[in-house]
Amino acid sequence: MDVFFASVPHFAAHTVTFLFLSLSGFKLAVVIAVAAAAIIASAIMFVRGRRRFSDYAAVLASAAVLFAIILLVDFKLPSDYFSDTGSPSDRVGAAVVSFDASAVAGRDGVSPENGVLLAPVSVSIGEGETVLDLALRAAKSAGLPLALDASGTYISSVGGIGERAFGAYSGWVVYINGEFPSVGANELTVKDGDVIEWRYTTGEEFE
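When the letters of the sequence shown are read in order and numbered with numbering that gives the first Met the number 0, they come out as residues 0 to 206.
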């Protein structure tokens with residue numbers, strides 16, 4: 000028993016070193032949480048006078064199983080499914096992207112007060128990227144909340160300002176080089192030098 004307790008610190012040290020070298024991000028946080036839980040459980044048992052090897056072995060075995068699951072399973076966060084906010088490796092140019100809700104500036108739920116959610120910013124273009132792809136990357140890079148409709152084909156909300164929030168026909172529309180496109184943003188491929196303006200409209204022009 001004494002040999003077992005003496006070997007625990009060495010085993011723990013080697014395990015922690017291995018995990019820190021091989022893991023990062025979300026997985027590392029989960030591993031740390033599991034390890035902390037195992038240590039706390041062992042400490043409680045020790046304080047309560049439980050010295051049987053089987054008690055501690057059960058805790059270590061449970062932790063080992065969880066560690067194995069964490070190492071073998073490829074966990075994904077929602078953000079992992081979005082494109083990288085950095086420059087694409089197959090960069091073919093750059094476009095300017097902006098989000099403007101000045102049409103409803105000053106109204107409840109609109110921030111900042113001038114309605115400019117994202118001033119014009121240059122965004123690198125990857126091969127075959129669409130107007131919607133660039134909007135997603137620009138918003139993510141700026142930390143601007145953006146939501147798509149259920150089909151994932153058009154923008155339903157930006158910065159908490161959603162469609163139909165200011166009228167039955169209100170919502171986000173896009174202009175490419177000052178013109179309203181004839182196809183959806185998810186179908187329109189971006190070209191180098193394009194100026195992409197997302198504007199929130201009250202829809203009065205459609206009534």
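Built from N, CA and C at the ideal position, the CB exists for glycine as well.
Name the DSSP beta bridge partners of residue 121, please?
95
Going by DSSP, name the residue or residues bridged to residue 199.
171
With a cut-off of 8 Å, do at least 3 Cβ pairs link the stretch 99-115 to the stretch 150-159?
yes
Is it the case that the Cβ atoms of residue 37 and residue 62 are separated by a distance below 8 Å?
yes
Local conformation of residue 154 per DSSP, three classes
strand
Classification of residue 98 by the beta-carbon crowding that lies within 10 angstroms, buried from 16 upward:
buried
Please state whether DSSP places residue 58 in a helix, a strand or coil.
helix
Should residue 169 and residue 200 be called a contact, given that it needs their Cβ atoms to be closer than 8 Å?
yes
For the beta strand (DSSP E) containing residue 145, list its first residue and its last residue.
Residues 145-147.
So, are the CB atoms of residue 65 and residue 33 less than 8 Å apart?
yes
Are the beta-carbon atoms of residue 143 and residue 187 separated by less than 8 Å?
no
Tell me, which residues are paired with residue 160 by DSSP?
157
Option nearest residue 138 by Cα separation, candidates 190, 182 and 154
Closest option to residue 138, Cα to Cα, is 154.
With distances taken between CB atoms, is the gap from residue 177 to residue 202 smaller than 8 Å?
no
Which residues in the same chain as residue 114 place their Cβ atom closer than 6 Å to its Cβ, once the five residues preceding and following it in sequence are excluded?
100, 101 and 104, listed in sequence order.
Given that a residue counts as buried once 16 or more other Cβ atoms are within 10 Å of its Cβ, and exposed if not, what is residue 35?
exposed
To which residues does DSSP link residue 186 through a beta bridge?
In DSSP, residue 186 forms no bridge with anything.
Compute the distance between the beta-carbons of residue 120 and residue 95, then report whether it is under 8 Å.
yes
Comparing alpha-carbon positions, which option in 57, 43 and 118 lies nearest residue 196?
118
Assuming residue 189 and residue 133 form a contact by the criterion Cβ under 8 Å, report the distance between their Cβ atoms to the nearest whole angstrom.
Under the criterion of beta carbons closer than 8 Å, residue 189 and residue 133 qualify as touching, at roughly 6 Å.
What distance in whole Å lies between the Cβ atoms of residue 89 and residue 125, which are believed to be in contact at a cut-off of 8 Å?
5 Å
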